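Take a look at the structure below.
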């Protein structure tokens with residue numbers, strides 16, 4: 001399994017976003033999560049194994065299954081530490097301020113806090129949690145800093161922690177890892193698992209239902225998206241990344257009515273990764289109605305479109321390219337979260353609308 005999210009040369013997913021693609025603006029969206037084309041509100045999170053009572057919020061203990069086994073939380077946590085991406089946002093959206101969260105280096109100002117997280121903290125009248133060292137390009141976990149925060153639980157359900165790191169974290173506090181593959185947990189599952197661990201299940205379903213309504217309304221307002229095939233890519237100049245339909249960013253597009261292009265699967269290697277690299281000699285084989293391109297800045301986006309291999313692509317020649325530019329916007333959907341999902345969705349839809357038209 002990958003321990004890092006190859007956003008861009010080994011950078012973590014959120015910040016890195018780059019490679020991983022990310023996206024755009026919009027935020028959000030991405031729905032994704034699950035790689036399902038329709039909302040999944042109402043379904044119990046697959047990673048939650050059992051609770052001490054059937055039904056009802058805050059029934060403890062709860063046991064959560066994940067890639068490294070299972071974790072039991074005996075009582076409602078009071079000191080929550082988050083690691084990776086998305087779990088911080090989910091906790092805040094449910095009214096819980098972590099005692100410590102990872103510092104971000106992509107899509108942020110000097111504060112190290114993503115704009116939608118900063119906005120939520122301000123609205124809650126809460127101070128910024130302790131920021132955990134999270135250097136770009138590294139998969140190191142600041143064990144001593146996390147231990148110093150004295151957590152009741154550690155939420156790393158969208159992260160790239162290794163089995164060894166999980167074992168160390170578990171000695172500090174009960175730790176919830178990702179269900180299966182690193183950096184691939186559907187955003188809805190991230191939210192549901194966090195809600196279960198925090199004893200906020202009813203509030204979690206209300207939160208998801210509200211987000212789903214917004215996404216459904218946006219999709220209904222753009223019927224031209226329905227059935228259009230899409231390929232989401234990122235060209236760093238050194239590598240050409242293609243995102244599979246299992247990736248949350250692509251899943252979000254299916255929530256809007258679009259379809260992952262068959263060529264994406266046809267060209268993909270047989271592995272469990274959520275992305276793959278394509279040689280520049282083969283990019284013309286990646287055919288779709290819309291090409292969604294992620295870029296750190298307009299210069300990078302323009303450089304891609306000016307390359308001969310880009311001009312060999314049918315989508316570029318037909319001007320059916322949606323460009324998602326800028327660290328903030330890319331970070332908002334790489335992957336989407338309970339807070340970033342609706343943060344910049346209108347800009348995202350505008351880019352797609354232009355490409356479809």
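In full-length UniProt numbering, the protein residues as written are 1 to 357. Where is the CB? At the ideal position from N, CA and C, for every residue including glycine. Small disclaimer: the values here were computed from a predicted structure and weren't measured.
- Sequence-distant Cβ neighbours of residue 253 in its own chain, meaning closer than 6 Å and more than five residues away, are 230.
- Under the DSSP assignment, residue 195 falls in the alpha helix (DSSP H) whose first and last residues are 187-197.
- Partner residues in the beta bridge of residue 240, as assigned by DSSP, are 235.
- DSSP places residue 309 in the helix class (H, G or I) of the three-state scheme.
- For residue 256, the three-state secondary structure derived from DSSP is coil.
- Taking the Cβ atoms as the reference, residue 275 lies roughly 6 Å from residue 242, within the contact range of under 8 Å.
- For residue 112, no beta strand (DSSP E) run applies, since DSSP gives it neither H nor E.
- Annotation: residue 156 is outside any alpha helix (DSSP H); the continuous beta strand (DSSP E) that includes it extends over 153-158.
- Of all alpha-carbon atoms in 67, 66, 65 and 210, the one lying nearest the alpha-carbon of residue 93 is that of 210.
- DSSP lists no beta-bridge partner residue for residue 320.
- Contact between residue 149 and residue 100 is confirmed by a C-beta separation of about 4 Å, below the 8 Å threshold.
- Looking at the backbone, the Cα of residue 293 and that of residue 321 are separated by about 7 Å.
- Here the C-alpha atom of residue 128 lies approximately 18 Å from the C-alpha atom of residue 106.
- Judged by their CB atoms, residue 87 and residue 155 are nearer to each other than the 8 Å cut-off.
- Cβ-Cβ distances below 7 Å link residue 163 to 68 in the same chain, with the five nearest sequence neighbours on each side left out; the list follows chain order.
- Judged by DSSP secondary structure, residue 72 falls within the beta strand (DSSP E) whose first and last residues are 69-73.
- Within the DSSP bridge table, the entry for residue 84 names 158 as partners.
- As the crow flies, the alpha-carbon of residue 261 is around 8 Å from that of residue 286.
- Excluding sequence positions up to five before and after residue 267, its CB lies within less than 8 Å of the CB of 242, 276, 278, 282, 285 and 286, all in the same chain and listed in chain order.
- For the 8 Å CB-CB criterion, residue 197 and residue 169 do not form a contact.
- With respect to the 8 Å criterion, residue 290 and residue 355 are classified as neighbours on the basis of their beta carbons.
- As DSSP reads the structure, residue 292 sits in a beta bridge with 232 and 322.
- DSSP places residue 208 within a helical segment (H, G or I) once states are collapsed to three.
- Annotated three-state conformation of residue 280 is coil, per DSSP.
- Here residue 98 is buried, its C-beta having at least 16 other C-beta atoms within 10 Å.
- Residue nearest to residue 228 within the set 72, 77, 83 and 357 is 357 (criterion: CA-CA distance).
- Residue 163 carries a helical assignment under DSSP once its states are collapsed to helix, strand and coil.
- For the options 89, 302, 264 and 238, the alpha carbon positioned closest to that of residue 245 is the one of 264.
- Residue state for residue 348 is assigned as helix, using DSSP reduced to three classes.
- Counting along the chain, the unbroken beta strand (DSSP E) around residue 131 starts and ends at 130-132.
- Cα atoms of residue 299 and residue 308: separation of roughly 16 Å, rounded to the nearest angstrom.
- The continuous beta strand (DSSP E) containing residue 100 extends over residues 100-102.
- Fewer than three beta-carbon pairs drawn from the region 174-193 and the region 110-128 are found closer than 8 Å, and the two stretches are therefore not classed as touching.
- Within the DSSP secondary-structure output, residue 275 pairs in a beta bridge with 243.
- Taking a contact as a CB-CB distance under 8 Å, the pair residue 158 and residue 335 counts as one, their CB atoms being some 7 Å apart.
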